[in-house]
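Asker:
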């Protein structure tokens, strides 16, 4: 996983609440057996016209000024619905590394951290301000700095955000958490040995 | 201080505490074809085995065709994904119920059916509707593919402890209402993010009276309220359901297990982070009108008018939803015409759901402008329904009687809505494009879907004859 330190990039505003993972990456693209190549299908139903090929000029990411956006700004409950990790894979493949919203759905939020994407929760009034300012100023850039846990606007307004220390560490260092957990494999075996006595039915099922 | 059901299960599964996260032991993992290929590929690249193949069960469900399977899968991309699951199961020694196995079906239907799901367990799957298994007093939640790989490799997950939210249900189900109406009305009340960060516990006398099928419907949709997990304390109903299931413990081990499961209910002095009382006495059959499950009303209601919304964000939400759904502000839900009816899914594809729908349909005909289908949740549900003659009831009424799978709940296989088609669906999500690009989904109970198929529009089953 690519570490996340500081990102200074154009921000694209998608003014919708409850953007679900079906909207981020529709089901027909979940048939892949790979993690890559999904960026072209990101927000497919909104991004393309009925022919599925022609860019919809009304959709934010198709507008020239947002072409190089690497930050998304959205309303509450971003990433609701399905657990598909294809959603962060598609965002990452497109080039999005950070999402700013008042709230995120739990599974999506968690999936972002496994893929080097930083989801940032900001209060509603700060998000409102971004939705007011971004459309007015072409090339509006935001700096998202993970070490200092701050978001900085073009006029140097600086907001801080909260993040769980363990998630922060993994994202800063791009850590493989399976490797970290396997370092605890003796503890896992001890746990299993204890449970085999306490709850043996968990270890001996019939059938299959 | 006493413990909640959730805390008891959580505490039983702590392997280690690290940096504010808990390494939680996972008793069972369910694997399907869509969210697992990249996880197995990760294991292969890291040279890691599956730690407990015996605690893992694979089944293809999302992509499988629901029509004649003797010709295989027509879509080569779907076929490759299912073939990949088969190969991974073989390579990593994971048990699998293949497409033509009678035990095949939707992952959340087959695991309880087999007794693979047991009270007090932790269960995960790369699928958000894993919350379904919470009906058995398990802590069960959906995870992403990276976490699927983590569990395959380590049988554990790093988790932060969620908060607890008790939902106390009182009163009795009024005639014509079901577990589906309860959970839809509840999501309407707390919103699609009302449960974010929480594990829900459903309790109260009305929950005790529900069958396991009803309890599964309720917990299944906990995720639609934003909660990763919903839980119900196990009781005699739970034990009766599980007794003699193929993978459930037998004999002395069964007795020992039941004794342990009896202690899982929340203690009387347990504390919750949030509590809500929900009274059933005024519950009416529910119909969603918009593009998320929280946009729901009694069937007798009228869709909202955006101009009456309290703020700009809500106004935009309502306006977008009504535009997508092709409904004018203020339109009554009753008499709204439907083109398609879908009965099935991990929410409502179990035998009891099919019995409910069949009881409405018996001796009647599907409206001439409606195309209707029943997709049983598993091969065993299908076989049981056929034993009871329900297939004849559906077929004689004009329904298609299909093979088991996820089908038109998400339309990864050919079962999809065409643009603009309006569907009464017993599934769990009415997002834009969920059942097919441009398709318009209204979530309802099996009885309401059955009545809509006959009437050709939404009807209030309490007064409909």
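Residue numbers (my numbering), protein chains in the order written: chain L, 1 to 208; chain A, 1001 to 1465. Even glycine gets a Cβ: it sits at the ideal position worked out from N, Cα and C.
(1) Which residues in the same chain as residue 1319(A) place their Cβ atom closer than 6 Å to its Cβ, once the five residues preceding and following it in sequence are excluded?
(2) Within the continuous beta strand (DSSP E) that includes residue 1286(A), where are the two ends?
(3) Relative to the alpha-carbon of residue 1148(A), which residue among 1051(A), 1279(A), 1331(A) and 1345(A) has its alpha-carbon at the smallest distance?
(4) Name the DSSP bridge partner or partners of residue 1099(A)?
(5) Can you pull out the residues from the region 1007-1020 of chain A whose beta carbon lies closer than 9 Å to at least one beta carbon of chain L?
(6) Tell me the residue span of the beta strand (DSSP E) that contains residue 23(L).
(7) I'd like to know whether the C-beta atoms of residue 1026(A) and residue 1200(A) end up nearer to each other than 9 Å.
(8) Among the candidates 1072(A), 1189(A) and 1123(A), whose CA atom is the shortest distance from the CA of residue 1009(A)?
(9) Could you tell me the alpha carbon to alpha carbon distance between residue 1454(A) and residue 121(L), rounded to whole angstroms?
(10) Suppose the cutoff is 8 Å on Cβ atoms and the five residues either side in sequence are ignored; what does the same chain contact list for residue 1072(A) look like?
(11) So the candidates are 1213(A), 1126(A), 1062(A) and 1131(A); which of them puts its Cα closest to the Cα of residue 1104(A)?
(12) Quick check for students: name the residue ranges of the beta strand (DSSP E) that lie wholly in the region 1292-1339 of chain A, counting only runs of 3 or more.
(13) So, with DSSP's three-state summary, where would you put residue 153(L)?
(14) Would DSSP call residue 1193(A) helix, strand or coil?
(15) Assuming residue 161(L) and residue 1021(A) make a contact with CB atoms under 8 Å, what is their CB distance in whole Å?
(16) Using a C-beta cutoff of 9 Å, does residue 1431(A) count as contacting chain L?
(17) Under 8 Å by Cβ, that's how I've got residue 83(L) and residue 1126(A) pegged, so tell me the actual separation to the nearest angstrom.
(18) For residue 1192(A) versus residue 1222(A), is the C-beta distance shorter than 9 Å?
(19) Hey, residue 1115(A) and residue 1246(A): beta-carbon distance below 9 Å or not?
(20) At a CB-CB cut-off below 8 Å, which residues of chain L make contact with residue 1150(A)?
(21) Going along chain L in order, which residues have a C-beta closer than 7 Å to the C-beta of residue 1410(A)?
(22) Short check: CB of residue 1420(A) to CB of residue 1433(A), under 9 Å?
(23) Between which two residues does the beta strand (DSSP E) carrying residue 1029(A) extend?
(24) What three-state label does DSSP hand residue 1251(A) in the structure shown?
(25) State the DSSP-derived secondary structure class of residue 1386(A), mapped to helix, strand or coil.
(26) Is the region 56-66 of chain L close to the region 2-19 of chain L, with three or more CB pairs under 8 Å?
(27) Could you tell me which chain A residues have their CB closer than 7 Å to the CB of residue 75(L), listed as they occur along the chain?
(28) Out of curiosity, what's the CA-to-CA distance linking residue 94(L) and residue 1258(A)?
(29) Which of the three DSSP states is assigned to residue 33(L) in this structure?
(30) Please confirm whether residue 1080(A) has its beta-carbon closer than 9 Å to some beta-carbon of chain L.
(31) Comparing C-alpha positions only, which one of 101(L), 88(L) and 124(L) sits nearest to residue 107(L)?
(32) For chain A, find out if any of its Cβ atoms is closer than 9 Å to the Cβ of residue 58(L); answer yes or no.
(33) For residue 1308(A), count neighbouring C-beta atoms within 10 Å of its own C-beta (all shown protein chains included) and say buried if the count is 16 or more, exposed if not.
(34) Classify residue 1451(A) as helix, strand or coil using the three-state DSSP reduction.
(35) Against chain L, does residue 1344(A) count as a neighbour if the rule is that its beta carbon must be under 9 Å from one of theirs?
(36) Compare the C-beta of residue 1061(A) with all C-beta atoms of chain L and state if any pair is closer than 9 Å.
Answerer: Taking the coordinates as given:
(1) If we look at residue 1319(A) and ignore the five residues flanking it on each side, its Cβ neighbours are 1306.
(2) Note, residue 1286(A): beta strand (DSSP E), 1286-1288.
(3) Checking every option, the nearest Cα to that of residue 1148(A) belongs to 1051(A).
(4) Its beta-bridge partners do not exist; DSSP assigns none.
(5) So the close ones are 1012, 1013, 1014, 1015, 1016, 1018, 1019 and 1020.
(6) Counting along the chain, residue 23(L) falls outside any beta strand (DSSP E), though it belongs to the alpha helix (DSSP H) covering 21-24.
(7) Not in contact: residue 1026(A) and residue 1200(A) (Cβ atoms no closer than 9 Å).
(8) Checked all of 1072(A), 1189(A) and 1123(A); the closest Cα to residue 1009(A) is 1123(A).
(9) For residue 1454(A) and residue 121(L), the distance between alpha carbons rounds to 47 Å.
(10) Hits under 8 Å: 1079.
(11) With respect to the C-alpha of residue 1104(A), the residue from 1213(A), 1126(A), 1062(A) and 1131(A) having the closest C-alpha is 1062(A).
(12) You should have 1296-1298.
(13) Here residue 153(L) sits in coil by DSSP.
(14) Reduced to three states, the DSSP call for residue 1193(A) is coil.
(15) Beta-carbon to beta-carbon, residue 161(L) and residue 1021(A) are separated by about 19 Å, too far to satisfy the 8 Å threshold.
(16) By the rule that beta-carbons nearer than 9 Å mark a contact, residue 1431(A) touches chain L.
(17) That belief holds up - the Cβ atoms of residue 83(L) and residue 1126(A) are roughly 6 Å apart, short of 8 Å.
(18) In this structure, residue 1222(A) does not lie closer than 9 Å to residue 1192(A) by Cβ.
(19) Yes; because the gap between Cβ atoms is below 9 Å, this pair is in contact.
(20) Within chain L, the residues near residue 1150(A) are 177, 178 and 181.
(21) Within chain L, the residues near residue 1410(A) are 27.
(22) No, the pair does not count as a contact, with Cβ atoms beyond the cut-off.
(23) In the DSSP assignment, residue 1029(A) falls within the unbroken beta strand (DSSP E) covering 1028-1031.
(24) When DSSP states are grouped into helix, strand and coil, residue 1251(A) belongs to the helix group.
(25) Here DSSP, grouped into helix, strand and coil, assigns residue 1386(A) to helix.
(26) By the C-beta criterion, the region 56-66 of chain L is judged to be in contact with the region 2-19 of chain L, since at least 3 inter-stretch pairs fall below 8 Å.
(27) Here the neighbours are 1313.
(28) Straight through space, the alpha carbons of residue 1258(A) and residue 94(L) are spaced by roughly 51 Å.
(29) Under the three-state reduction of DSSP, residue 33(L) is assigned to coil, being neither helix nor strand.
(30) At least one beta carbon of chain L lies nearer than 9 Å to the beta carbon of residue 1080(A).
(31) Taking only the C-alpha atoms, the option nearest residue 107(L) is 88(L).
(32) With its beta carbon at least 9 Å from every one in chain A, residue 58(L) lies outside the interface.
(33) Per the 10 Å Cβ criterion, exposed.
(34) In the three-state reduction of the DSSP assignment, residue 1451(A) falls in the helix class.
(35) Chain L contact via Cβ: absent.
(36) It does not; no Cβ of chain L falls within 9 Å.
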